[in-house]
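Everything on this sheet refers to the single structure shown next.
Following this line, the structure appears as structure tokens:
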């Protein structure tokens, strides 16, 4: 198969980023017809349809692979320019990171990369169970993920284990779960408000199952939804639990001091733990190697090894 040219890869990435052939033509200062011809030529080379002619234009499954290669090519070009410019150059790296990591340890890596390495992070917030899709599509260069399965063209490394605790304030427990920790009915647990990050978040189901197991409640055939408050911000999520609004599942780093002071109590004696992985483009890049090293260094201060 004939290789795609640099102009073709740039055109493909621009079309996907800006959503239409006309917008890509404006950015690249060519005619919409030229954009269409380049995309058609790429599809002839690949022998597959690479984009859906929708509004906005989106890549097909085959197109996602091309998009990843196109963005890698652009990144390596920028890295070459950075090295030729010497100390005055800088580079940007796009990373998908879950909200809890961002609120607890990941910013340590971002800060060091900025101050010491002249590498600046373009962060996309996405849950650790869903972020791999952004890497697969080529939208980002690296992700924090709970999925160890390697995406084609990428490498994956273990970062550590994130530990969470099911917690609530003593006043909340007295109001909704008065028999805790010795006695707890399912009716009480069903009435106790819980906080969720968003509607893709399912870790509360894991936490609730853990609580039920520890107090000796049999698994119910039909799951009953407790009153739920959705707060799509990790610090505000933790603040809602700390304020006694609801119970929740909070990273150990965010609740350790309040547990020690007694402001929060553990609803379950066993923590909930999720492994975290660093998955990134598998390219020979000093910039990506530096980012990976800084991420590992930051993770060691918070995650369990």
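In full-length UniProt numbering, the protein residues as written are 1 to 305.
Cβ atoms here follow ideal geometry from the backbone N, Cα and C, with glycine treated the same way.
Query                                                                                                                        : Result
Under the three-state DSSP convention, the category residue 125 falls into                                                   : strand
Alpha-carbon spacing of residue 248 relative to residue 50, whole angstroms                                                  : 43 Å
Residue 269 burial status per 10 Å Cβ neighbour count (16 or more: buried)                                                   : exposed
Neighbourhood of residue 101 by C-beta distance below 6 Å, restricted to the same chain and skipping five residues each side : 144
Counted within 10 angstroms of its Cβ, other Cβ atoms place residue 134 as buried (16 or more) or exposed                    : buried
Limits of the alpha helix (DSSP H) - the one that residue 312 falls within                                                   : Because the chain is modelled from 1 through 305, residue 312 falls outside the range shown and cannot be assessed.
Range of the contiguous beta strand (DSSP E) that encloses residue 274                                                       : 272-281
Residues that residue 195 bridges to, as DSSP identifies them                                                                : 229
The segment 178-198 touching the segment 287-298, judged by at least three CB pairs closer than 8 Å                          : no
Presumed contact (8 Å Cβ cut-off) between residue 285 and residue 79, rounded CB distance                                    : 6 Å
Whole-number beta carbon distance between residue 140 and residue 185, since they are thought to touch under 8 Å             : Their Cβ separation, rounded to whole angstroms, is 45 Å, which puts residue 185 and residue 140 out of contact at 8 Å.
Burial state of residue 254 (16 or more Cβ within 10 Å)                                                                      : buried
Separation of residue 230 from residue 200, as counted between CA atoms                                                      : 11 Å
Cross-strand partners of residue 248 (DSSP beta bridge)                                                                      : 167
Reference residue 113, options 23, 37, 90, closest by Cα                                                                     : 90
Beta-carbon spacing of residue 305, residue 251 below 8 Å                                                                    : no
Option in 115, 208, 228, 15 with minimal Cα separation from residue 266                                                      : 208
Reduced DSSP category for residue 52 - H, G, I as helix; E, B as strand; rest coil                                           : strand
Residue 99 versus 127, 48, 119, 74, residue with shortest Cα-Cα distance                                                     : 127
N-terminal and C-terminal residue of the alpha helix (DSSP H) that residue 292 is part of                                    : 286-300
For residue 157: DSSP bridge partner residues                                                                                : 278
Beta-carbon gap between residue 303 and residue 276 smaller than 8 Å                                                         : yes
Residues sharing a beta bridge with residue 266, DSSP                                                                        : 167
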